[in-house]
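One structure is given below, encoded as structure tokens.
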Amino acid sequence: MLKKRSIVFMGIPAFPIAVERALSSRLRERPVILVKTDNPRSRCLSVSQEARQYGVVSGMSLHDAKRHCRDISVLLPNPSVYKRAMDAIQKVICEFTPLCEPVRPGQSYLDLTGCNRLFGSTSSATQQIQQEITKKLKLPAEAGIAANKLVSRVAAIDAQISGMVEVEFGGEEPYLAPHRVNVLPSVDRIMRNLLNELNLRFVQEVKAIELEILLAALGPTAFSLSRQSKGIDPSPVLPPYAPPKLIVNEELKEDTNDRDILESVVRKLVLEGVFQLQQSRRSSSMVELKLTYSDGRQSIEIRQFRKPQCESLQLLKDTGELLKRAFNRRVRVRHIELIFHRLSQMAIQLDLWQGKSNLLIEKSITPKIEYDLVQVQKSHSEEFELMKIKKKRALEALSIIQARFGKDSLKLGTVH
317 MLKKRSIVFM
327 GIPAFPIAVE
337 RALSSRLRER
347 PVILVKTDNP
357 RSRCLSVSQE
367 ARQYGVVSGM
377 SLHDAKRHCR
387 DISVLLPNPS
397 VYKRAMDAIQ
407 KVICEFTPLC
417 EPVRPGQSYL
427 DLTGCNRLFG
437 STSSATQQIQ
447 QEITKKLKLP
457 AEAGIAANKL
467 VSRVAAIDAQ
477 ISGMVEVEFG
487 GEEPYLAPHR
497 VNVLPSVDRI
507 MRNLLNELNL
517 RFVQEVKAIE
527 LEILLAALGP
537 TAFSLSRQSK
547 GIDPSPVLPP
557 YAPPKLIVNE
567 ELKEDTNDRD
577 ILESVVRKLV
587 LEGVFQLQQS
597 RRSSSMVELK
607 LTYSDGRQSI
617 EIRQFRKPQC
627 ESLQLLKDTG
637 ELLKRAFNRR
647 VRVRHIELIF
657 HRLSQMAIQL
667 DLWQGKSNLL
677 IEKSITPKIE
687 YDLVQVQKSH
697 SEEFELMKIK
707 KKRALEALSI
717 IQARFGKDSL
727 KLGTVH
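Numbering-wise (my numbering), the sequence shown opens with residue 317 and increments by one.
Below, the structure written as structure tokens:
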């Protein structure tokens with residue numbers, strides 16, 4: 317017997333366009349399309365409902381879209397803005413349930429099973445989530461409620477008018493019956509053509525055929541197709557697992573291709589990232605630099621280290637090389653993002669007799685500097701080791717200043 321669950325599919329129709337409309341009121345109630353470039357052969361990535369009324373569909377060329385609607389507004393992608401909008405949506409959803417599985421930008425599965433005592437019925441909780449998204453982000457959200465992911469997604473498709481459709485537990489099979497077979501996840505383009513040849517266009521027609529006959533006609537796919545036609549989908553809602561990483565980024569006030577300005581921003585991001593790494597006692601084994609240009613295209617460069625790094629001087633040198641490789645176009649840059657991957661905790665050895673007042677500030681200085689200096693004098697590579705210790709003391713002093721007076725208390729200069 318299937319366990320009763322409360323699964324919600326939450327989606328923002330034409331998500332990129334909805335985000336652009338939230339930022340610019342002049343785009344509201346106008347036909348809008350999103351294309352990768354302004355080339356006439358470029359394909360429509362997203363189409364507003366107003367543009368669809370003129371016959372414009374996703375995948376249509378920009379030239380044909382303008383022929384259908386001369387007054388259409390054309391937008392270029394802005395991935396960094398869409399990502400921040402999606403993160404904000406996830407933040408709202410996580411206030412109601414931790415079980416949230418993003419499917420694609422603007423679409424997520426939610427598991428609200430057992431939340432009745434906190435937020436009321438599933439439909440009531442869903443309405444609260446929709447209202448919060450609309451209030452905080454000015455984005456219209458449509459929702460489908462059912463006992464599994466399959467039926468909730470189909471219900472969300474039917475919710476374009478009312479905003480929410482709920483399928484009662486046990487009513488999944490009759491609800492899916494009148495829908496076309498392309499709503500089933502197992503039906504891709506090849507399978508749809510095959511079902512059309514067999515004159516199977518609706519879910520109820522597939523459900524009426526015995527499994528043995530489907531196996532003979534469709535092969536192993538018949539197993540999943542038969543289950544889905546009956547509204548059976550036991551797959552759980554799985555929150556995405558993301559390895560820990562540190563992200564620092566900056567949206568430029570004005571798009572620019574001035575290398576000096578870009579280098580200045582990258583240096584600022586490196587210092588900010590190093591400060592956060594040292595505050596959390598972590599180091600990074602891989603750094604990623606991502607440039608987003610005015611036309612929406614991105615350039616990404618990655619550098620891996622043999623040993624974990626958390627020193628600003630070394631990272632400044634490495635990120636400078638990354639910028640030279642990543643900045644390979646004449647187009648202006650709009651957004652810069654620096655990502656520290658493969659984070660690991662730094663080992664810390666504390667002094668047994670250290671005072672409490674200096675413990676928090678000086679606990680990163682390990683081993684004790686005076687002891688290091690004595691040992692260096694006894695070593696054969698005295699000059700080299702002494703240089704390393706002085707460099708370490710300088711970096712630790714910078715960290716102490718930033719910890720006491722804030723991360724913006726120090727700024728890096730350059731010598732020309």
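All C-beta atoms, glycine included, are put in the ideal place defined by N, C-alpha and C.
Query, Result
"In chain order, what residues of the same chain lie with their CB nearer than 7 Å to the CB of residue 798, ignoring the 5 residues before and after it?", "Within the shown structure, residues of the chain are numbered from 317 to 732, placing residue 798 beyond reach of any answer."
"Can you give the Cα-Cα distance for residue 383 and residue 412, rounded to whole angstroms?", "45 Å"
"Assign residue 419 to one of two classes, buried (16 or more other C-beta atoms within 10 Å of its C-beta) or exposed (fewer than that).", "exposed"
"Helix, strand or coil, according to DSSP, for residue 518 in the structure here?", "strand"
"Cα-Cα, which of 569, 659, 556 and 553 is closest to residue 563?", "659"
"Using only the alpha-carbon positions, how far apart do residue 624 and residue 437 sit?", "49 Å"
"Whole angstroms is fine: what's the gap from residue 567's alpha carbon to residue 393's?", "15 Å"
"Count the other C-beta atoms from every protein chain shown that fall within 10 angstroms of the C-beta of residue 321, then say buried if there are 16 or more, exposed otherwise.", "buried"
"Roughly how many whole angstroms lie between the Cα atoms of residue 682 and residue 454?", "Residue confidence for residue 682 is low, a pLDDT of 46 falling below 50, so the modelled location carries little weight and cannot support an answer."
"Where does the unbroken alpha helix (DSSP H) through residue 509 begin, and where does it stop?", "505 to 513"
"I'd like the list of long-range same chain contacts for residue 344, defined as Cβ closer than 6 Å, with 5 residues on each side in sequence excluded.", "337"
"On the DSSP letters alone, give me the boundaries of the beta strand (DSSP E) that residue 764 sits inside.", "Nothing can be reported for residue 764, as the shown portion of the chain is limited to 317 through 732."
"Assuming residue 427 and residue 323 form a contact by the criterion Cβ under 8 Å, report the distance between their Cβ atoms to the nearest whole angstrom.", "6 Å"
"Apply the 10 Å Cβ neighbour rule to residue 717 and answer buried if 16 or more other Cβ atoms are within range, or exposed otherwise.", "exposed"
"In the DSSP assignment, find the unbroken beta strand (DSSP E) run with residue 495 in it and report its ends.", "It is not in any beta strand (DSSP E) - residue 495 carries neither H nor E in the DSSP assignment."
"Note down the Cα distance separating residue 515 from residue 422, rounded to an integer number of angstroms.", "34 Å"
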